[in-house]
Amino acid sequence: MYLVFSLAMFLVGGAMALVIRAELFAPGLQLVNPEFFNQMTTMHALVMIFGAVMPAFVGLANWMVPMMIGAPDMALPRMNNWSFWILPFAFTLLLATLFMPSGAPASGWTLYPPLSLQGGNSLAFVILAIHLMGISSIMGAINIIATILNMRAPGMTLLRMPLFVWTWLITAFLLIAVMPVLAGAVTMLLTDRFFGTSFFNAAGGGDPVLYQHIFWFFGHPEVYIMILPAFGIVSEIIPTFSRKPLFGYTSMVYATASIAFLSFIVWAHHMFTVGMPLGAMLFFMYATMVIAVPTGIKIFNWIATMWRGSMSFETPMLFALGFVVLFTIGGLSGVMLAIVPANFQYHDTYFVVAHFHYVLVTGAVFAIMAGVYYWLPKWTGYMYDEKLGKFHFWWSTVWVNVLFFPQHYLGLAGMPRRIPDYAVQFTEFNMISSVGGFMFGFGQLLFAYIIWKCVRGGEKATAQVWDGARGLEWTVPSPAPLHTFDTPPLVDDNVAVHRDQLT
Amino acid sequence: MERNANLTGELKMKRTNELIVALAVMAVIIVITWGVFAVGENMPRGVTQYSQDVYQLHNIILGIVSVIGILVFTAMFTAIVLHRRSKGYQAARFSHSTKAEIIWTAIPVLILVVMAVPATRVLVDMENTGGAEMNIKITGYQWLWKYEYIEDDVSFFSALDRDSNRARQLGSGINPRDVENYLLEVDNRLIVPTNTRIRFLLTADDVIHSWWVPELGWKRDAIPGMINEAWTLIEEEGVFRGQCAELCGADHGFMPIVVEAVSPEAFRAWVSEQRQELADAAHDSARLWTREELMDRGHNVYQAQCASCHQGDGTGLEPAFPALVRDGVPTGDLETHMYTVLNGREGTAMAGFRDRLRPEDIAAALTYARNAWSDGAGEVVQPSRVDGSDRG
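Same order as they appear, the protein sequences are chains A and B.
Going by our numbering, the first sequence opens with residue 1, and the numbers climb by one from there.
Going by our numbering, the second sequence opens with residue 1001, and the numbers climb by one from there.
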């Protein structure tokens, strides 16, 4: 259900992105007015982050975590139900603002005041929708933590858990820590807008920059909420198709934990240009650069896993490999962005847009797709169409690069982000990017079709599905029964996925 | 014994094989990387010492991350080429190597330290805003800039020039390619002297803006209620263009920045010219204007200041931007109309123009809005009424 919802939102958010790319195809305003353009950029981000990526990961966790740890189901089914059913209502509220007289929010998904306070009454709906999404995420996170900590099969010690479970455990703690911070920030916006407070109003003694600090204290961990589970998925898939145990399991767990910790002390790198004291800028620069170390460890470990393996390249593996390459590119541009003096140039340009789309689209979204192809036979009991899957991968990979790579050039050449129209020297790369956007976007309809086709039937899948796969989820039949493991399986090192005994 | 030797020999062959493939893969990746750099644009070098430092820093970091990328991808694709099942490659069983892990933790740390040193040096230089020979205060408005030369007591607004503004309207029918410096030209440029250390003080009147000229090497946010500092020292004469870089509402994409650096002598001449014009303008707001004069000037002021929200024909963009015709404010009481234009309307995007425009401009815009469309109220408004001097 989460997954179907998030696929629907992925297509809605994608349609908005196509409106943006269509307007940016050529200089001059052809299709939409600037106000509506700003609504599109804002809504695209909110829908994709809260509607597509996050529910997709929660959905994967709900389905796979119990199977992976040998539990019958999630610990708290009622809360799970509630946490899901909040989402359609939250997004109805959010999307309804498009049809309201004062229009959807147009101040960017970050809702920086004072700009966000200039909008109409629809702001109240947006804030309520964010509150609901926050409640839903927190409940989802509580459920995942409860399941992982209480319902592991005998012998499934913490350091025998699959990495996907580990990354989700850490992500869930991040969610619980930061969603209330976001709720607090937007509530202050609400009272500033409707009840006459002055938290962020300079004329009333408030501070507009305070909002940015609070927002990014949520916002940066949020970024890792969207990427840590992706690390987990990739860490499951690469060993399977390399037919070799994951390299450096323990260091992967520690790297994940240290990335999560660091995510709390780097928030101000999103706002180097607001005028901070030199000492603060140096601190946030160094802290941000340090993140490259655990992230690098992960990438090296994945490559060491492939090294001298016996690799084969089914669709999930292709997406996982695409993830490693393209996420690395996004990570390297991230290191560049950490360098403050250079950041004064990069900040708020298309260079940043390119960077975060590399980590979110070819990072998070590619990992989700990899996970879906990987576990689809387990869910449906049928194999998906391998030919179409491979075609989907190559199509997406080619066009996503056509879409986002030229945006690096645009940013360096001086094109700011969030503008509906641009000077003529930016035309060529914008056109290329728009063509890539449309090709990539329509290619995703194929993804929906492949899933639909697989649900309807096809070649029967075995319990093992992939010959190199290890882990408890492959010991139950495909499709997995409603309640897996009514009697808990016994887990020892022979069943555990990872065999990284420290000597 | 013999078997062992065979195994070692096999291992050696394997290693050589891997090395050859790795070199080939690396060559391919280097060619691709080179292509990627050749196709694209790089950051501008800029015209100040600082911007050149940033440019160099950027190139160094870009070089380092490119080398890292090349090495990482070489390892990965070598494995992909060689260690595949379709070639009958048997999987090894290793899953751990403390030595390797220590190495690939330590080396990145060293690389980061190497990057951090020049980055810190350049940053410390940027943040030292002392020793300024002149100060310019920059204030961001929706959607134009105000520049005040603090020592010379000269100030003016700088907005998108008229040709670009006409061409950028939805469905204008004008090809942006026919407009010179489309979206990157203003009506009044910021004129600055070369070889002079200039300190900028940045703030904003309504929402957060960000002042960015890539050739100067930095951007800095302009935030209401706060004053940020930055500095520059431009070494060569020329015209440098930039844009607002922080989303500030509907016309965020249409508030460019144009800096013109001239010799210090030319700058002094320009300053005295400006002061003369200011004196003339003071005379202008004191005299009586004819209806034609007001309508003519009002048309220009309206197009530049009002039309982006209320539209050229006064029909607005409901509901965010109200119509001025059909029961709009200009069809009613003049005092209310004038009050709204002077002070703005709280909680909306309607700004107050009291400090932004000269009294004769406001008077002209009011006259225009009350006469240009058939259902306006029809009065003529004199500048003296706007600044209150008609009441003594």
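A virtual CB, placed ideally from N, CA and C, is assigned to each residue, including glycine.
These numbers come from a predicted model, not from an experiment.
Short CB-CB distance (under 8 Å) between residue i and chain B
i	result
alanine 304 (chain A)	yes
alanine 202 (chain A)	yes
alanine 413 (chain A)	yes
serine 107 (chain A)	yes
aspartate 421 (chain A)	yes
arginine 418 (chain A)	yes
leucine 482 (chain A)	no
aspartate 500 (chain A)	Reliability of the predicted coordinates at aspartate 500 (chain A) is poor, the pLDDT of 48 falling under 50, and no value is obtained from them.
glycine 103 (chain A)	yes
tyrosine 374 (chain A)	no
isoleucine 170 (chain A)	no
valine 209 (chain A)	yes
Proximity below 8 Å, CB of residue i to CB of residue j
i	j	result
phenylalanine 393 (chain A)	alanine 413 (chain A)	no
alanine 230 (chain A)	threonine 288 (chain A)	no
arginine 152 (chain A)	glycine 70 (chain A)	yes
isoleucine 1138 (chain B)	leucine 1202 (chain B)	yes
phenylalanine 323 (chain A)	glycine 381 (chain A)	no
lysine 390 (chain A)	glycine 309 (chain A)	no
leucine 24 (chain A)	asparagine 401 (chain A)	no
valine 1386 (chain B)	alanine 1363 (chain B)	yes
threonine 240 (chain A)	alanine 480 (chain A)	no
leucine 29 (chain A)	glutamine 1142 (chain B)	no
alanine 56 (chain A)	tyrosine 2 (chain A)	yes
valine 1021 (chain B)	glutamate 1235 (chain B)	no
glutamine 118 (chain A)	glycine 1352 (chain B)	no
Chain A within 8 Å of residue i, Cβ atoms only
i	result
leucine 1019 (chain B)	no
isoleucine 1068 (chain B)	yes
proline 1319 (chain B)	yes
asparagine 1042 (chain B)	yes
tyrosine 1141 (chain B)	no
proline 1176 (chain B)	yes
arginine 1162 (chain B)	no
valine 1025 (chain B)	no
isoleucine 1138 (chain B)	no
threonine 1129 (chain B)	no
methionine 1126 (chain B)	yes
isoleucine 1061 (chain B)	yes
glycine 1314 (chain B)	no
cysteine 1248 (chain B)	yes
arginine 1168 (chain B)	yes
glycine 1253 (chain B)	yes
tryptophan 1149 (chain B)	The sequence as given places tyrosine at residue 1149 (chain B); tryptophan does not occur at that position. No - not a single Cβ of chain A is within 8 Å of the one on tyrosine 1149 (chain B).
alanine 1245 (chain B)	yes
Where residue i falls, given that 16 or more other Cβ within 10 Å makes a residue buried
i	result
serine 263 (chain A)	buried
threonine 487 (chain A)	exposed
lysine 387 (chain A)	exposed
tryptophan 85 (chain A)	exposed
histidine 1283 (chain B)	exposed
aspartate 1296 (chain B)	exposed
glutamine 407 (chain A)	buried
threonine 1232 (chain B)	buried
Nearest-angstrom beta carbon gap, residue j and residue i [assumed within contact, 8 Å]
i	j	result
arginine 1268 (chain B)	isoleucine 1257 (chain B)	Between isoleucine 1257 (chain B) and arginine 1268 (chain B) the Cβ distance is about 23 Å, and since that is not below 8 Å, they are no contact.
alanine 354 (chain A)	glycine 411 (chain A)	6 Å
leucine 98 (chain A)	alanine 104 (chain A)	5 Å
proline 113 (chain A)	glycine 1225 (chain B)	Contact flag wrong, Cβ pair sits at about 11 Å.
valine 1341 (chain B)	alanine 1365 (chain B)	7 Å
phenylalanine 164 (chain A)	methionine 252 (chain A)	Phenylalanine 164 (chain A) to methionine 252 (chain A), Cβ: 11 Å. No contact.
- Query: Given a limit of 8 Å on CB to CB distance, which residues of the segment 333-365 of chain A reach chain B?
  - Reply: Within the segment 333-365 of chain A, the residues whose Cβ lies closer than 8 Å to some Cβ of chain B are Ser333, Val335, Met336, Ile339, Val340, Pro341, Ala342, Phe344, Gln345, His347, Asp348 and Thr349, listed in chain order.
- With 8 Å as the C-beta to C-beta threshold (strictly closer), list the residues of the segment 223-247 of chain A near chain B in chain order. Under the 8 Å Cβ criterion, the segment 223-247 of chain A contributes Ser242, Arg243, Lys244, Pro245, Leu246 and Phe247.
- Quick one: which residues of the segment 296-321 of chain A get their C-beta closer than 9 Å to a C-beta of chain C? List them in chain order. The displayed structure is made up of protein chains A and B, and chain C is not among them.
- For the segment 1205-1229 of chain B, which residues have a CB atom closer than 8 Å to at least one CB atom of chain A, in sequence order? Those residues of the segment 1205-1229 of chain B that come within reach of chain A (Cβ to Cβ, closer than 8 Å) are Asp1206, Val1207, Ile1208, Ser1210, Trp1212, Pro1214, Gly1217, Trp1218, Lys1219, Arg1220, Asp1221, Ile1223, Pro1224, Gly1225, Met1226, Asn1228 and Glu1229.
- Contacting positions in the segment 275-291 of chain A - beta carbon closer than 9 Å to chain B: Against chain B - using a Cβ distance shorter than 9 Å - the residues of the segment 275-291 of chain A are Gly275, Pro277, Leu278, Met281, Leu282, Met285, Tyr286, Met289 and Val290.
- Taking a Cβ distance cut-off of 8 Å, strictly less, list which residues of the segment 1091-1116 of chain B are near chain A, in chain order. Across the segment 1091-1116 of chain B, CB contacts with chain A closer than 8 Å involve Ala1091, Ala1092, Arg1093, Phe1094, Ser1095, His1096, Ser1097, Ala1100, Glu1101, Trp1104, Thr1105, Pro1108, Val1109, Leu1112, Met1115 and Ala1116, in sequence order along the chain.
- Residues of the segment 42-57 of chain A whose Cβ lies closer than 8 Å to any Cβ of chain B, in chain order: Going along the segment 42-57 of chain A in chain order, one finds no residue with a Cβ nearer than 8 Å to chain B.
- Output, in sequence order along the chain, the residues in the segment 27-43 of chain A whose CB is closer than 7 Å to any CB in chain B. Residues of the segment 27-43 of chain A with a C-beta atom less than 7 Å from some C-beta of chain B are Pro27, Gly28, Leu29, Asn33, Pro34, Glu35 and Asn38, listed in chain order.
- Message: Can you pull out the residues from the segment 1075-1087 of chain B whose beta carbon lies closer than 8 Å to at least one beta carbon of chain A?
- Response: Per Cβ criterion, the list reads Ala1075, Met1076, Ala1079, Ile1080, His1083, Arg1084, Arg1085 and Ser1086.
- Item | Members of the segment 1278-1311 of chain B that neighbour chain A once the beta carbon cut-off is set at 8 Å | Answer in chain order: no residues at all.
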